[in-house]
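As structure tokens, the structure follows; a few thoughts come after it.
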Amino acid sequence: MKVFSVFGVSQSGKTTTVESIIGELSRRGYRVGSIKNIHFQDFAIDVPGTNTWRHRLAGAEIVVARGLTETDVLIPRQLSIEEILTFFDQDYVVIEGVSNTLVPKILCARNETEIEERLNDLVLAISGCISNRISDYRNIPVINALSEVERLVDLIEAKMKGYLPLINEVEQCRACGSSCRSLASRILHNQAKGSECLVGNEVIVKVGSQELQVDYLQQMNIKNSLKKILVQLDSYAGDDDITVEIRKRNNGMAV
């Protein structure tokens with residue numbers, strides 16, 4: 373799964389850019405998910421007096437509202453981006469409105485000042501309102517998401533690599549020899565590979581004798597799913613390595 377962020381100030385063209393990118397990725401046959409960061413402090417979908425609100429008030433940690441045309445999962449706390457991403461298995465996930473993640477970014481801006489204030493080494497392109505006036509900024513392409521969406525998505529396809537764990541500045545292990553931000557930047561600019569991140573090597577999956585390439589989020593999904601099952605077993609200690617073998621069946625018998 374490939375993850376990137378579209379960020380910038382309000383009214384800079386973020387949502388329009390995200391809409392265009394999602395549409396073009398979908399037209400190319402990709403499965404796409406999105407995350408919208410909402411900065412309004414009092415934002416809540418659930419409101420006092422509803423049945424789901426009463427469930428939560430009674431102590432439910434997760435409430436699911438199942439309707440005829442949609443299903444909403446209500447969790448009464450802010451999840452980290454990494455926690456949210458474990459719900460996805462799409463080819464691409466677009467995050468709108470988050471700037472402090474170690475993922476490639478598209479910066480939306482209205483003028484050069486806004487670019488200067490937010491430009492960093494993880495920005496692969498600039499878009500939004502300013503793309504009506506300029507086409508390049510310090511050798512970074514400025515691409516109009518409405519009139520040049522094919523070019524923008526071509527760049528996304530070329531630049532997107534596997535997902536890296538979102539480790540904060542305090543917890544960075546530096547096992548690869550550099551900071552997480554430095555590694556993410558070097559991967560974006562084809563100066564390093566995602567396999568250099570040693571954190572994402574906790575889960576090994578083999579089919580027969582062939583080891584499969586499993587990215588970090590897939591590893592975490594496998595690990596967390598297994599642990600949810602294992603914690604229900606009295607004999608599970610939780611500290612040892614875990615080995616699971618699924619045997620091929622022949623005429624209904626495991627072999």
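In my numbering, the protein residues as written are 373 to 627. Using N, Cα and C, we set each Cβ at its ideal position, and we do this for glycine too.
- Here the alpha carbons of residue 405 and residue 441 stand approximately 18 Å from one another.
- Within the same chain, no residue comes within 8 Å of residue 601 by CB-CB distance, once the 5 residues on both sides are set aside.
- The Cβ neighbour count for residue 376, taken over all protein chains shown within 10 Å, is at least 16; the residue is labelled buried.
- Here the region 491 to 504 lies against the region 471 to 483, with 3 or more beta-carbon pairs under 8 Å apart.
- Taking a contact as a CB-CB distance under 8 Å, the pair residue 502 and residue 521 does not count as one, their CB atoms being some 16 Å apart.
- In the three-state reduction of the DSSP assignment, residue 552 falls in the helix class, which pools H, G and I.
- Secondary structure of residue 424 (DSSP, three-state): helix.
- Counting every other CB atom within 10 Å of its CB across the protein chains shown gives residue 608 a total below 16, marking it as exposed.
- The three-state secondary structure of residue 508, taken from DSSP, is strand.
- Residue state for residue 497 is assigned as strand, using DSSP reduced to three classes.
- The residue among 455, 446, 439 with its C-alpha nearest the C-alpha of residue 426 is 446.
- In this model, residue 583 and residue 576 are separated by some 7 Å (Cα to Cα).
- Considered as a whole, the region 384 to 464 harbours 386 to 399, 423 to 430, 453 to 457 as its complete alpha helix (DSSP H) runs of no fewer than 4 residues, in chain order.
- Beyond the five residues adjoining it in sequence on each side, residue 616 comes within less than 7 Å, by CB distance, of 598 in the same chain, given in chain order.
- Looking at 467, 620, 453, the one whose alpha-carbon comes closest to that of residue 386 is 467.
- Looking at 469, 383, 517, the one whose alpha-carbon comes closest to that of residue 410 is 469.
- Closest in alpha carbon position to residue 390, among 568, 499, 592, is 499.
- The C-beta separation of residue 463 from residue 403 comes to about 5 Å, placing the pair in contact by the 8 Å criterion.
- Between residue 560 and residue 531, the gap from beta carbon to beta carbon is short of 8 Å.
- In this structure, residue 394 lies away from residue 528, with their beta-carbon atoms at least 8 Å apart.
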